[in-house]
Amino acid sequence: MRRFSHEWFFLIPITVFLGLFVFYPLTRVVLRSFTDNFTGHCTVQNYLNAFTQARYLGSLKNTLWFAGACTLVGAVGGTFVGLLASRMSPKVRGVLLSFYSLPMTLSSLVVAFAFIVLLGRNGVFNIILSRYLGIPKFDLYSWHGLVVTYSFYNIPLMTLTMASVFLNLDRSLIEAARNLGAKAWQVWIYVIIPVLAPGFIAGISIVLAGMLAAFGTALALTGMAKSLLSLQIYSHASESNYNIPQASALAVVLIVIIVVSLLTLNWIERRLRPGGEGR
Amino acid sequence: MTSGMASAAVEINEVSKRFGNVVAVAEFSLEVQRGELVTLLGPSGCGKTTTLRIVAGFERPDTGRVFIFGHEVTHVPPERRDVGMVFQNYALFPHMTVFQNVAFPMKIAKRPKREICEKVAEYLALVRLKGLERRYVTQLSGGQKQRVALARALARSPKILLLDEPLSALDAKIRVQLREEIRQLQQKLGITTLYVTHDQEEALSISDHIVVMNEGYIEQVGPPTEIYFRPQTLFVASFVGTMNFFSGVAVDTSEGPKLKWHDSLLAFPSGAEVAPGEEVSLGVRPERLELAFEREAVPQGHNVVPGEVGFVTFLGSIMRVEVKLGDGTEVKIDVPTKERITPERGQRVYLCFSPEDAVVFKNSCVRR
Ligand SMILES: Nc1ncnc2c1ncn2[C@@H]1O[C@H](COP(=O)(O)OP(=O)(O)OP(=O)(O)O)[C@@H](O)[C@H]1O
Ligand SMILES: [Mg+2]
């Protein structure tokens, strides 16, 4: 019992911190989401709105599509670059991966401006593209423009995960499979992909969660022009259509979506993990 | 070299392999007969694994050829060689159960389900792992993993079996037990086996033939007793077991050539061809040396060297006694404890051995 109480002592600071900055606001958001904006009475109208009004349904759909597309691009790009990185000499790989850690440290505003300078209507690349190559300008402010911009975060993020996943792949497993008669493609299907799957899923979980809540760069690039759930929440929490209870309800919906997708991916990962339950 | 009943199970012909400046295997030639267990023995980095990987097809030799049952396989990819291999780290598939691991080669070969089930059961019984089919390999002990790896390598009845230090990751007791099991299994199945180890005791205990390797080259090939009792090079003598060396110059005496070692004259074993003036060493195993407390106790015809008892280590059935000789060298002697002599530190003694128990080395550079 003594040891138990000692351990508790060290948990106090982090518990206080989480309580103040996560659980307290979260509880407030949940409580507020069940109140009426004008009367303050208890109601579920905000949730009904979220699932019936066209603008909310639209942004919900946009968020899911956008996050899905970003995750796909990040997963494919990151896996590919990760595989390449794992085959580089340690020195070259170290340089590449330290560059790839940069995007995560950059402010979303800085990234947005960087893309405007390069790919905006009068961006360097767009001028080269249209003037000298005759290719139509790239529209940075469209959905695919947003996906490309966010790939600036997602591909490096996924690359960092996948590079270490590929590096940790035990080469003797591949040799064992070949020794037991497997051809190259069978080695991929039966050994490499299943062994890498848990790491891959852990990687896309991070990307997907980030993209469901994507906000800063999207706001800086498109303002409110693109209706994402995160931007809807922001617009209700500020400006003209100030409606905190409605914003809270949308936030709860977004949180539930993120939690459910993470739990699902985590469940799949656990089943795929060596020695995991299942199959 | 075409197929035929006469050909060896494995023939390695003048194989060399370099990695950059490192010569891993040099001019390596070896024949392994059907049903034999041949051990590659040598210190770390001497090229054992590389040799095995060349036979398995994971490395291409720079020169030379490899034959399996008379068929050249030098350029055949590993998946078409039909060679079972047990890897040093087992290389079991972590996402598969014991059953799935052992079934893997047969699943790849598209064998019918029933046959796979029967074979897996048969081989798991053979390695005494029945009942663990549904376990994931991450949930097994080291010894159990080793058995799964063995069952998996054997399950589709490969032509030959390759084992790369299969026991090095296990603790001493299981190592001894498992090596006996591997040997029994190998004899039961009659499968030709190449076994890599750096543990000389392991090699001596399970092999039909031992190949002692050093820096990519073969030092000596022979049955365990020959390797132990008749080492042909100083390297083999000092690597396999413990060997005491007496080095000096051969001189002519009335009783034929003898080794002049400080104040002593040591007789050579009969049949040794030593010319006077030649620099030679006599090697004697610790268990072939005897201790005498008085000069008179030395048997007739034995070589004698005086010394002083140093460190004495009790090892159960034997006592290892270090004796300091006049020139400062130390000699190790194994005295069976059943002889009930207890040498005291500092005691003056005589070391003696029959000339027939010594081995002559013409090369004077003794490795110590
Ligand atoms: N892929 C490789 N690249 C470069 N050098 C290598 C490679 N594989 C082996 N070598 C070198 O070749 C030599 C022989 O290596 P090998 O692995 O065959 O030794 P070994 O006898 O199996 O040693 P150990 O008992 O330590 O396993 C060593 O000097 C090693 O460093
Ligand atoms: Mg090795």
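One line per chain: the protein sequences are H and B, in this order. Heads up: the first sequence begins at 1 in the numbering used here, then just goes up one per residue. Heads up: the second sequence begins at 1001 in the numbering used here, then just goes up one per residue. Ideal Cβ positions, reconstructed from N, Cα and C, are used throughout, including at glycine.
Inter-residue CB distance, residue i and residue j (contact presumed, cutoff 8 Å)
| i | j | result |
| --- | --- | --- |
| M211/H | F66/H | 7 Å |
| T104/H | L146/H | Here residue 104/H turns out to be Met, not Thr, going by the sequence shown. Actually they are not in contact, since the Cβ atoms of M104/H and L146/H sit about 18 Å apart, beyond 8 Å. |
| T1253/B | L1266/B | Not confirmed; about 11 Å, so no contact. |
| A1155/B | V1102/B | 5 Å |
| V1349/B | P1343/B | 7 Å |
| V1251/B | P1257/B | 7 Å |
| N154/H | V207/H | 5 Å |
| R1183/B | L1052/B | Between L1052/B and R1183/B the Cβ distance is about 18 Å, and since that is not below 8 Å, they are no contact. |
| I1227/B | L1194/B | 16 Å between Cβ atoms; not a contact. |
| A1275/B | T1039/B | Going by Cβ atoms, the distance from A1275/B to T1039/B rounds to 36 Å, so no, they are not a contact pair. |
| L228/H | N62/H | 6 Å |
| A1091/B | E7/H | At roughly 40 Å, the Cβ-Cβ gap does not stay under 8 Å, so A1091/B and E7/H are not in contact. |
Residue i beta carbon near ligand 2 (any heavy atom closer than 8 Å)
| i | result |
| --- | --- |
| K1048/B | yes |
| D1252/B | no |
| Q1088/B | yes |
| E1165/B | yes |
| V1055/B | no |
| V22/H | no |
| V1196/B | yes |
Start-to-end residues for the alpha helix (DSSP H) that takes in residue i
| i | result |
| --- | --- |
| C42/H | No alpha helix (DSSP H) contains C42/H, which DSSP labels as neither H nor E. |
| K1362/B | Where K1362/B is concerned, there is no enclosing alpha helix (DSSP H), given that its DSSP letter is neither H nor E. |
| K1107/B | 1098-1108 |
| H236/H | 229-236 |
| T1225/B | 1224-1229 |
| F80/H | 54-86 |
| S1238/B | 1234-1239 |
Range covered by the beta strand (DSSP E) that runs through residue i
| i | result |
| --- | --- |
| V1196/B | 1192-1197 |
| E1201/B | Segment 1200-1206 is the alpha helix (DSSP H) holding E1201/B; no beta strand (DSSP E) there. |
| L1351/B | 1348-1353 |
| A1267/B | 1264-1267 |
| I260/H | A small fix is needed here, since residue 260/H is Val in this sequence, not Ile. Run containing V260/H: none in the beta strand (DSSP E); it sits in the alpha helix (DSSP H), 244-272. |
| A1250/B | 1244-1253 |
| V1321/B | 1318-1325 |
Close beta carbons around residue i, own chain, < 7 Å, minus the five adjacent residues each side
| i | result |
| --- | --- |
| Q1033/B | A1008, A1009 |
| E269/H | P198, I201, A202 |
| A247/H | I233, H236, A237 |
| L18/H | none |
| P1077/B | G1057 |
| A1153/B | G1084, M1085, V1086, L1161 |
| A1026/B | S1016, G1216, Y1217 |
| H1209/B | E1036, V1038, V1221, G1222, P1223 |
| I135/H | L129 |
Proximity test, residue i beta-carbon vs ligand 1 heavy atom, cut-off 8 Å
| i | result |
| --- | --- |
| M1319/B | no |
| T1063/B | no |
| F1019/B | yes |
| V1022/B | yes |
| G1216/B | yes |
| P1043/B | yes |
| V1240/B | no |
| T1051/B | yes |
Beta-carbon contacts of residue i that lie in its chain and below 8 Å, excluding the five residues immediately before and after
| i | result |
| --- | --- |
| S151/H | C70, V73, G74, G77 |
| P1043/B | H1198, N1214, F1239 |
| N975/B | Summary: the structure shown does not reach residue 975/B, with chain B confined to residues 1001 through 1368, and so no result is reported for it. |
| F1087/B | A1149, D1164 |
| N1089/B | A1169 |
| M1/H | Any reading at M1/H needs caution, since the residue's pLDDT is 48, under 50, leaving its predicted position unreliable; the model's value is listed next. Hits under 8 Å: none found. |
Same chain, Cβ closer than 6 Å to residue i, five either side skipped, listed in chain order
| i | result |
| --- | --- |
| E277/H | Since pLDDT at E277/H reaches only 48, below the 50 mark, its modelled position is unreliable, and no value is offered. |
| C1365/B | Legend: pLDDT at C1365/B = 43, less than 50; position of this residue unreliable, no value from coordinates given. |
| T161/H | G203 |
| V1073/B | V1066, R1081 |
| T1313/B | R1320 |
| V1127/B | R1147, L1150, A1151 |
| R1422/B | Only positions 1001 to 1368 of chain B appear in the structure, and residue 1422/B is not among them; the question remains open. |
| V191/H | L173, A177 |
| E1011/B | E1031, F1067 |
| L139/H | The amino acid occupying residue 139/H in the given sequence is Asp; Leu does not appear at that position. Answer for D139/H: G145, listed in chain order. |
Contact with chain C by residue i, beta-carbon distance below 9 Å
| i | result |
| --- | --- |
| G181/H | The structure shown contains no chain C; the protein chains it does contain are H and B. |
*Write down every uninterrupted run of the alpha helix (DSSP H) in the stretch 135-174 of chain H whose length is 4 residues or greater and which is fully enclosed by it, in chain order.*
143-168
*Fully enclosed by the stretch 1102-1172 of chain B, which beta strand (DSSP E) runs are 3 residues long or longer?*
1160-1164
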